[in-house]
Structures are given as C-alpha cells and as structure tokens.
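> Pasting a structure below so you can have a look.
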Amino acid sequence: MRLMNPLLATRKKAIYRTVKFDKKELCSHSLDIGLICDHGCLYCSTPTIASARTNPVFKENGTTAQKAHNAQLACIDLGTPERVAADAKQLTASDVVMMCTKVDPFSPAVQQTNLFRDCLYELLTNNPHCQVRVLSKNAGIVDVLKDFTEYADRIHFSLSLTAPTSQQDFIDIVEPNTSSITERIDALKEAHGLGFRMYGMVCPCIPGILTEYHQVESVFKEVLQFNPETIWVEPVNSRGQGFNNMVAALDEAGKHEWASSIKAIKNKDSHDEYVAGLINTVALVSKNLALDVPIRFLSYNRKDAISAKLIDDSHVIWL
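Start counting at 1 in the sequence shown, then tack on 12, and there's your number in our numbering.
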C-alpha cells in the first residue's frame, strides 16, 4: 500500500458514553483515535456516521469522509491522549471503554505515531478501575500490548476474523491494508499466552465467505483456541457505499461469484433472509460444537420483519 499523510482533526473530547454499544454488551464508552482509518475495508460504514460525515476537517481539505475513506486516507486526532487523560478520571469500575468503535486503533497511519500506545497508557493510568476492550484487524497491535501485561486483567482483546483462512484472496481485495487472517489468528494466540482477557469478533459475515455452515464452523474453531469469554457475530450492514464498493472491486478482480452473492442481499427482503439464515447457521454450529461460550449475534434487522423460521434466536441482540 501507499501510505499517505493522514488528515488531522481536533475534537473536544476523547471518551464518549455509547448507548448503542452498551446494548451490544461490548462497552459503555467509546474511545476513537480519529474519524476514519486507512485499512481500506470496502464494506465500512463509518464515513456515513454523523460524527465523521459532518466534521469540518473534510470540507477544509476539499473532500468528504466517504471520498477520503475510498482513497484509503485516514483522519486521526493527535491530541486524543491528552483528552483521554482528562476524560478517564470520570469513569467508574463498572465502565468498559472500547478502542475503538468507529475506526481501527492500529491502522497503518496510526502505526506511524504513538497514538494507540499513548491513549491506552493514559486510560489505564488515569483510571485504576475501568475495563478496556481493544479491537483491531492489525496483528501488529500485540507488539504494543506486550508492554501492558501488568494490566492484562483489565484488557479484553480481539482481532476481527472476517473469513476462514482459505478465503484470504477475498480479504486481500476487500480489506486491502489489514493483516492476513492467519496473522490475526497467530496474534490472538500470542495475546492469550500473554494473559489478556480474550473475546471473539466474527464480523462482518459476508455472503459466500462467512455464511455457510463449514465457514462459520471453521472460524469458530479458530476462535475457541484462545478461550474467549464471549463471541460476537455480526452480519454485514447495508449502510453507505459498502455493498457497491465491494461488488465493483470483486468484479474488477474477476471474482464475479462473490460479487453476485453480495448483490443478492442488497434489498431489504433479501437482506432479512440472509440475516435469518446466518442466525440459524450460528445456532446450529453452536449446538453441534456444544459451545459453553456466550454468543452475541448483533442484528440491526427487525425481528418482526423476518419471515423465515428461526431455529433459536436466544443469542440474538435485536438492535
């Protein structure tokens, strides 16, 4: 990849209460080190979020959040650690802060700075009680976490697994600047060995890549190797340009079958059907593997809009 100098934003706060992610049972507060990242994930809907879309930094630089994202241009806030130091003091022992909810805390642009390290340090040292949930798609983040093993009982860690290892050619197209799935799995094992609290993030589950029984089972078996406390599963959502971006890139790469699988869920009814199928597949995999790990399936689709029979939706959080 060609690393470009990121856009620089300035925000008033660093840590925000998040009702949405509290309902997802992921965290009570979000800590985002910027507005968009440069991992280049084609399905990403972050550019459509108001906090990114309406920030003046994009207009000042003659672009939009979506155009910057499409160009794999990050927008980060170098002043975040200072604001974390102030905001962290207001947190309690029952609070969980997630790094991050909208961007990746260790994308290529961030790696050129100490942003992740400094934010994590300020958070942990300015509040001795809160929990921290770290989520990335970059295996290199574990090299930083090695310096925080004294806080391992407060740090919940995962790397998103978005495909079986056999589908790496899909990842190379759709998540161009992320670590490979194999690298992520190796890093998860390393983090587990270092004593961090582990969780699974199987997301997004894209049709033809992570929706068939054998695909979901394969990824679940990888996740189970590092004793996760909980496994979260989420379908791909249809907000923004994500579907169109994926279809265009896959068609250009000659992966027409994958592109067609995504086209097939673009309307509401077909997306509801896809989500119902994934709910049932996850339920079957969980049953057949005799999982004793809690599953949290996150669905933005309404339950009353799904006509298909659900085998078991006790693991679904209807958002």
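Heads up, the beta-carbon is just placed ideally off N, CA and C, and yes, glycines get one too.
With a 10 Å radius around its C-beta and 16 neighbouring C-beta atoms as the bar for buried, classify Arg-129 as buried or exposed.
Residue 129 sits at position 117 when you count from the first residue of the sequence shown. Per the 10 Å Cβ criterion, buried.
> Helix or strand or just coil, what does DSSP make of Gly-46?
Sequence index remark: in the sequence shown, residue 46 carries index 34 (1-based). In the three-state reduction of the DSSP assignment, Gly-46 falls in the strand class.
> Would you please state the rounded distance, in angstroms, between the beta carbons of Ile-197 and Thr-190? I believe it to be under 8 angstroms.
Looking up residue 197 in the sequence shown gives position 185. Looking up residue 190 in the sequence shown gives position 178. About 13 angstroms separates the beta carbon of Ile-197 from that of Thr-190, a gap too long to meet the 8 angstroms contact definition.
> Give me the Cα-Cα distance between Gly-74 and Ala-83, rounded to the nearest whole angstrom.
As a working note, residue 74 is residue 62 in the sequence shown. As a working note, residue 83 is residue 71 in the sequence shown. Each residue's alpha carbon lies about 13 angstroms from the other.
> Return yes when at least one heavy atom of the ligand FAD lies under 7 angstroms from the C-beta of Ser-319, else no.
Among the components of this structure there are no ligands whatsoever, and the ligand FAD is therefore not found.
> Per the DSSP calculation, His-204 is bridged to which residue(s)?
As a first step, residue 204 is located in the sequence shown; it is residue number 192 there, counting from the start. Answer is none; His-204 lacks a bridge partner.
> Look at Ser-178 and Asn-150 and say whether their C-beta atoms are less than 8 angstroms apart.
If you number the sequence shown from 1, residue 178 lands on position 166. If you number the sequence shown from 1, residue 150 lands on position 138. Taking 8 angstroms as the cut-off, the beta carbon of Ser-178 is found no closer than this to the beta carbon of Asn-150.
> Beta carbon of Lys-114, beta carbon of Ile-153: below 8 angstroms?
Residue mapping note: residue 114 aligns to position 102 of the sequence shown, counting from 1. Residue mapping note: residue 153 aligns to position 141 of the sequence shown, counting from 1. Not a contact, by the Cβ cut-off of 8 angstroms.
> Taking the straight line between their C-alpha atoms, what separation do you get for Tyr-242 and Val-231?
Locating residue 242 in the sequence shown gives position 230, where the first residue counts as 1. Locating residue 231 in the sequence shown gives position 219, where the first residue counts as 1. Reading off the sequence, residue 242 comes out as Thr, not Tyr. Roughly 14 angstroms between the two C-alpha positions.
> Can you name, in chain order, every residue of its own chain whose Cβ lies under 8 angstroms from the Cβ of Thr-104, other than the five neighbours on each side?
Here residue 104 is taken as the residue at index 92 of the sequence shown, counted from 1. So the qualifying residues of the chain are His-141, Cys-142.
> For the alpha helix (DSSP H) that Phe-232 lies in, which residues bound it at each end?
Counting from 1 along the sequence shown, the entry for residue 232 is found at position 220. Phe-232 -> alpha helix (DSSP H) spans 225-236.
> Ignore the nearest five residues each way along the sequence and tell me which others in Phe-160's own chain have a CB closer than 6 angstroms to its CB.
In the sequence shown, counting from the first residue as 1, residue 160 sits at position 148. Around Phe-160: no qualifying Cβ.
> For Ala-317, which residues in the same chain have their Cβ closer than 8 angstroms to its Cβ, ignoring the five residues on either side in sequence?
Locating residue 317 in the sequence shown gives position 305, counting from the first residue. Result list for Ala-317: Lys-280, Asp-284, in chain order.
> On a CA-only basis, which of Trp-330, Asn-292, Glu-187 is nearest Ile-323? Give me that one, please.
Taking the sequence shown and counting its residues from 1, the one referred to as residue 323 is at position 311. Closest by alpha carbon: Asn-292.
> Would you kindly work out how many angstroms separate the C-alpha atoms of Leu-296 and Leu-47, rounded to a whole number?
Along the sequence shown, read from residue 1 onward, the residue named residue 296 stands at position 284. Along the sequence shown, read from residue 1 onward, the residue named residue 47 stands at position 35. Whole-angstrom Cα-Cα distance: 37 angstroms.
> I want to know whether the stretch 49-57 touches the stretch 251-271 - three or more CB-CB distances under 8 angstroms.
yes
> What is the DSSP secondary structure of His-168, reduced to helix, strand or coil?
As a position in the sequence shown, residue 168 is number 156, starting the count at 1. Strand, per DSSP.
> How many Å lie between Val-156 and Lys-321 at the Cα?
Here residue 156 refers to the residue found at position 144 when the sequence shown is read from its first residue. Here residue 321 refers to the residue found at position 309 when the sequence shown is read from its first residue. Going by the C-alpha atoms only, they are around 45 angstroms apart.
> I want to know whether the stretch 301-310 touches the stretch 270-277 - three or more CB-CB distances under 8 angstroms.
no
> Taking the alpha carbon of Tyr-163 as the point to measure from, which residue in Val-146, Ala-121, Pro-176 has its own alpha carbon closest?
Position 151 of the sequence shown, counting from 1, holds the residue named residue 163. It is Val-146.
> So, are the CB atoms of Ala-100 and Glu-134 less than 8 angstroms apart?
Locating residue 100 in the sequence shown gives position 88, counting from the first residue. Locating residue 134 in the sequence shown gives position 122, counting from the first residue. Cβ atoms of Ala-100 and Glu-134: closer than 8 angstroms.
> Do you know how far the Cα of His-51 is from the Cα of Ser-106?
Working through the sequence shown from its first residue, we reach residue 106 at position 94. Working through the sequence shown from its first residue, we reach residue 51 at position 39. Using only the alpha carbons, I get a separation of about 32 angstroms.
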